[in-house]
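Here the protein sequences line up with chains V and U, keeping their order.
Note that our numbering has the first sequence beginning at 24, numbered continuously upward.
Note that our numbering has the second sequence beginning at 24, numbered continuously upward.
Input: a single structure, listed below in C-alpha cells.
There are 2 protein chains.
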Amino acid sequence: MEKINLIQVGFGRVGRAFFELLKEKYDYCSGHYGLKLELRGLVRSQGAIILSSTKRVLNPSYFATDDLQYLSDWIPAITLSDLLDEFSPGVVVDCTPSDLKTGEPGFSLMKEALAKGWHVVTASKGALANHPTELSDLARKNKVAIKASGATAAALPALDVGLYSLAGTEILAIEGVLNGTTNYILTRMTEGLTYNQALEEAREKGIAEPDSSQDIEGWDTAVKMILIANQVLGTSIKLNEVKVAGIQGISREVIDKTNSLEKVLKLFGKCYREDCASPWKVEVGLALLDYDHPLATVNGTNKGIIFYTDSMGWVAVTGGKSDPRGAAAALLKDIINIYFMNF
Amino acid sequence: MEKINLIQVGFGRVGRAFFELLKEKYDYCSGHYGLKLELRGLVRSQGAIILSSTKRVLNPSYFATDDLQYLSDWIPAITLSDLLDEFSPGVVVDCTPSDLKTGEPGFSLMKEALAKGWHVVTASKGALANHPTELSDLARKNKVAIKASGATAAALPALDVGLYSLAGTEILAIEGVLNGTTNYILTRMTEGLTYNQALEEAREKGIAEPDSSQDIEGWDTAVKMILIANQVLGTSIKLNEVKVAGIQGISREVIDKTNSLEKVLKLFGKCYREDCASPWKVEVGLALLDYDHPLATVNGTNKGIIFYTDSMGWVAVTGGKSDPRGAAAALLKDIINIYFMNF
Chain V
24 MEKINLIQVG FGRVGRAFFE LLKEKYDYCS GHYGLKLELR GLVRSQGAII LSSTKRVLNP
84 SYFATDDLQY LSDWIPAITL SDLLDEFSPG VVVDCTPSDL KTGEPGFSLM KEALAKGWHV
144 VTASKGALAN HPTELSDLAR KNKVAIKASG ATAAALPALD VGLYSLAGTE ILAIEGVLNG
204 TTNYILTRMT EGLTYNQALE EAREKGIAEP DSSQDIEGWD TAVKMILIAN QVLGTSIKLN
264 EVKVAGIQGI SREVIDKTNS LEKVLKLFGK CYREDCASPW KVEVGLALLD YDHPLATVNG
324 TNKGIIFYTD SMGWVAVTGG KSDPRGAAAA LLKDIINIYF MNF
Chain U
24 MEKINLIQVG FGRVGRAFFE LLKEKYDYCS GHYGLKLELR GLVRSQGAII LSSTKRVLNP
84 SYFATDDLQY LSDWIPAITL SDLLDEFSPG VVVDCTPSDL KTGEPGFSLM KEALAKGWHV
144 VTASKGALAN HPTELSDLAR KNKVAIKASG ATAAALPALD VGLYSLAGTE ILAIEGVLNG
204 TTNYILTRMT EGLTYNQALE EAREKGIAEP DSSQDIEGWD TAVKMILIAN QVLGTSIKLN
264 EVKVAGIQGI SREVIDKTNS LEKVLKLFGK CYREDCASPW KVEVGLALLD YDHPLATVNG
324 TNKGIIFYTD SMGWVAVTGG KSDPRGAAAA LLKDIINIYF MNF
C-alpha cells in the first residue's frame, strides 16, 4: 500500500468536483490500486488549508461549508510553495481557472511543483497552450510526470488513446468534436431550434457558461486540439498560429440545407499536414460530415476524436462526461496512471 | 537507447504481418521511443531460426521465401525453450493459432516464457480464455507483463481504454460489436443482400475464413468479451458459462423488419450484472440498437466497444483495422507500452 501526498490548487467548479470525487473514491483507490490518495492541502489564491489526510476530510461535518476561509484551519498567509516544501512529493492537482492569454496562474505553479519533484495533473489549458515545451521539458528533467487529460477533453480519453493505444503507429491526421456547448447548440438547431433559442437553452441548463464566447468562437476547440497535437505528435503549435472560426450567429437556413444534403454539421477541430515534409496545421471551423463518419453521431454535449493512422486504420473515441465530475474523473485517472501500472 | 530481445512464435497470417511490421517500424521505434526491437528468433512447431538482430532481417534478400525451413539458418531441433535460455529476457510475441478448447499451444509457451522472466504479448485467445487467472498470476509473481491487446480486439484499443483510460471509475456494464465478419454480413444484408450472398462475398474478400463458424456462431465475440471482462473487471468468467447465440441463417425478413423499426441489428457482446451484489454475466446475441446508440454506426468489418461508468459517463471506442496488420500493430503497441512510459 502506497501513500500518495496530494495538494489541490483551485476550488472552482472542477476543483469542488475533484474534491468530492476524491472523498468518494478514497477507499476504491486504496482497495483497487493499492494507492492511498492523501489530500494534504487545499490552496486558493487567498490562502490554504493543511489537512492530515483525506480520511480527515471524509468526515462529512468537516467541510460543511464550501467557503474554505470560514474553516478553522484556514491559514491566509500560506501558499503552495510552503506546502510543496512541507510534504514529501506526490501530485499537485491543478484546478485553477485558465487564462488562455497568459497561461497563469497554472504556468507558475506547475513550474514550481515540477522543479520541486512533484508530479502534476492539470485541468487548466492556458499554461500548456502558451508554453508547449517548457513544462514537459521541465518534467522530463525532474523525472516527474505532467498529465493533462483534464485539460484536453476531460473524460474523453483523447490523450491516452493518442499516446498509449496508438503507440508505434504514425498518426496521419486528427479530427475532433471537442466542445460540448457548441455541439449541443448545433444538435438542438438540427432538432428545430434557432441559434438564439439553442444558446439560451444551453445557458438555462448550465451547459453554456454565462460568457461562452471562448466556446462559441471556437477557441476552446482550438486549444484542446493544440494540446492534443503537441503531446501526441510532438509539435509545438501555438494558439496564434491556428485558423479559428466558430458557430456564432449561424442561421437556420444553413442547418436546413445541411439536413437536405444528408450531412451533419459539426464544429470541427482538425490537425493535418499536406505531406510528410510539411508542417502540421491546426484548424477549427464548421464541417459537413457524412452520416457514416464516426463522429457524425456525437450529439448534444458529447465529444469525440478520431485518429487516422498508418497501421491501425482509424480509431475513434466518443463520449466521456462533459461536466466538472467528468473533468475530475480525468484528473483522478491521471493520478492513478502515474503510479499504477497494470502488471 | 535500450535493446529489447524479441522472440516470435508462430508464422501464420498474424505472425507474417507482425514480422513485416517489425521490419517496417524498426527505425521508427528506435527513433521515437528509444527502443531497439531486436528479433532474436522465429519459432514454429517444426523448428526455429536464430537471428542476430532485426537489422539482419531488414536485408530484403534474407527472407526471400516465406517458408522458413528453406532458409540456411533453419534448425529443426531447436525449440522456444532453447531460445528463452539463450538470450536475456525481453518479450515473447505469441502469434500461434489458438485452440479455444485447450488453449494450446499458447498456454504452455506463455507459462514457460513468464516463468523464465520474459514479458509476453499475445494475439491468441485460447490460453487466456481457458486459464483466466493462472497466466496473470504467474506474470505478477515474476514481475513481468502479459498483454493481450492482439487477442481481444486487435487494433481497437478495448483493453487500454478499460484498464488505463477508465482507471478510477467503476465500470457498470460493457457492450461490444467485436466481430468483423458477422458485422460485415449484417451490414451487407441491411444493404439488400441475403445471408448466403453476404457470407459468400465476405469469403471472396478474405474477410470470412473458409471455416467461419466460430465467428458466425458468436464464439469469437464471446471469447473477446470474456478476455476484456476478466482483465478489466477482474472476473474469471469461462467460455462454458456464457450464453451465446450467433447470426447463422438469419433471414432477410428480420433485417427488413429491423429497418422498418428504425433500428440497427448487431451481433452484440454484453457484460453486465443485475446489481452490485450479483455476479457478472457475459452474453452474446443479436441486439436491436437505436440509431443514436454509439455503436449503431459501426459498420462493415469495423468493431466497437462501449463502457458505462459511474464517474465518466459512457466512453465508446470504434474502428481499428480488422486484419492481420491491425493485430500486428496491436502486438507492437503492447511491446512499446511495456517499456516506454510517456514521462
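Where is the CB? At the ideal position from N, CA and C, for every residue including glycine.
Using beta-carbon distances, V/MET212 does not count as an interface residue toward chain U, since no partner is under 7 Å. At least one CB of chain V lies nearer than 7 Å to the CB of U/PRO180. For U/ILE359, a Cβ of chain V is located within less than 7 Å of the residue's own Cβ. A distance of 7 Å or more separates the beta carbons of U/ASP117 and U/VAL200.
Beta-carbon to beta-carbon, U/LEU132 and U/LEU106 are separated by about 11 Å, too far to satisfy the 8 Å threshold.
In this structure the stretch 180 to 197 of chain V lies against the stretch 324 to 342 of chain V, because at least three pairs of beta carbons, one per stretch, are closer than 8 Å. Within the stretch 181 to 203 of chain V, those residues whose Cβ lies closer than 8 Å to any Cβ of chain U are, in chain order, ASP183, VAL184, LEU186, TYR187, SER188, LEU189, ALA190, GLY191, THR192, GLU193. Boundaries of the beta strand (DSSP E) around U/ARG67: 58 to 67. Separation of V/GLY349 and V/ILE230 (C-alpha to C-alpha, rounded to the nearest whole angstrom) is 13 Å. Excluding sequence positions up to five before and after V/HIS142, its CB lies within less than 6 Å of the CB of VAL114, VAL167, ALA168, ILE361, all in the same chain and listed in chain order. For V/PHE130, the enclosing alpha helix (DSSP H) starts and ends at 129 to 138. The contact set of V/PRO317 on chain U, defined by CB atoms closer than 8 Å, consists of THR320, THR341, GLY342 in chain order. In the assembly as shown, U/TYR56 is a buried residue. Its beta-carbon has 16 or more other beta-carbons within 10 Å.
Relative to U/ALA150, the option among U/ILE358, U/LYS280, U/LEU262 whose CA is nearest is U/LEU262.
At a beta-carbon threshold of 8 Å, the residues of chain V lying near U/CYS52 are GLY191, ordered along the chain.
Near chain V, meaning a CB-to-CB distance below 9 Å, the residues of the stretch 242 to 263 of chain U are GLN254, GLY257.
The three-state reading of DSSP puts V/VAL338 in strand, counting E and B together. As the crow flies, the alpha-carbon of V/ALA221 is around 15 Å from that of V/ASP234.
Under the Cβ distance rule, U/ALA268 does not count among the residues neighbouring chain V, no pair being separated by less than 7 Å. For the alpha helix (DSSP H) assignment, the uninterrupted runs of no fewer than 4 residues enclosed by the stretch 262 to 336 of chain U are, from N- to C-terminal side, 275 to 283. Of the candidates U/ALA181, U/LEU74, U/ALA40, U/LEU74 places its Cα closest to the Cα of U/LEU65. For V/LYS356, the closest Cβ of chain U is nearer than 7 Å.
Think of a sphere of 8 Å around the beta carbon of V/ARG348: the chain U residues whose beta carbon falls inside it are SER334, in chain order. Taken through DSSP and simplified to helix, strand or coil, U/VAL167 comes out as coil. Closer than 9 Å at the C-beta level to chain V, one finds these residues of the stretch 135 to 151 of chain U: HIS142.
Nearest neighbour of V/ALA136 by Cα position, chosen from V/SER121, V/THR156, V/SER111, V/PRO120, turns out to be V/SER111.
Residues of chain V whose Cβ lies closer than 9 Å to the Cβ of U/VAL116 do not exist, since the nearest Cβ in that chain is about 13 Å away.
Around U/PHE363, the beta-carbon contacts reaching into chain V at under 8 Å are ALA190. A direct Cα-to-Cα measurement between V/ALA351 and U/PHE330 gives close to 18 Å.
In the DSSP assignment, V/GLU224 falls within the unbroken alpha helix (DSSP H) covering 218 to 227. By the CB criterion at 7 Å, U/ALA353 and U/SER147 fall outside the cutoff. The Cβ atoms of U/ILE260 and U/VAL305 sit closer than 7 Å to each other.
When rounded, the separation of the alpha-carbon atoms in V/PRO302 and V/ARG296 is 6 Å. Pairing V/ASP122 with V/ILE359, the inter-Cα distance amounts to about 27 Å. V/GLY140 counts as exposed, since fewer than 16 other beta carbons sit within 10 angstroms of its beta carbon. Listed as beta-bridge partners of V/TRP97 by DSSP are V/ILE72.
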